[in-house]
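K.L.:
Dumping the structure here so I can ask a few things about it.
In this note's numbering, the protein residues as written are -8 to 43.
Here it is, written out as structure tokens:
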């Protein structure tokens, strides 16, 4: 399984603000595709999905 936290350089207890900032930085660096960034945002900012 892909560890999205590692891809963004975050710890698993990162808050939504930290997650959003890391996603924005990844977009600026173009280190992930737009589709990957959208899916990552969808997963990590959704508390129900994130619990899994």
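Where a beta carbon is used, it is the ideal one built from N, C-alpha and C, also for glycine.
Please list, in chain order, all residues of the same chain as residue -4 whose beta carbon is under 6 Å from its beta carbon, the five residues on each side excluded.
P.N.:
Contacts found: 3.
K.L.:
For the alpha helix (DSSP H) that residue -5 lies in, which residues bound it at each end?
P.N.:
Here the alpha helix (DSSP H) through residue -5 covers -5 to -1.
K.L.:
Could you pull out every residue in the same chain whose Cβ sits closer than 7 Å to the Cβ of residue 9, ignoring the five residues on either side in sequence?
P.N.:
Result list for residue 9: 1, in chain order.
K.L.:
Can you round the beta-carbon distance between residue 32 and residue 14 to whole angstroms, since I take them to be within the 8 Å contact cut?
P.N.:
With 8 Å as the limit, residue 32 and residue 14 qualify as a contact, their Cβ atoms being about 6 Å apart.
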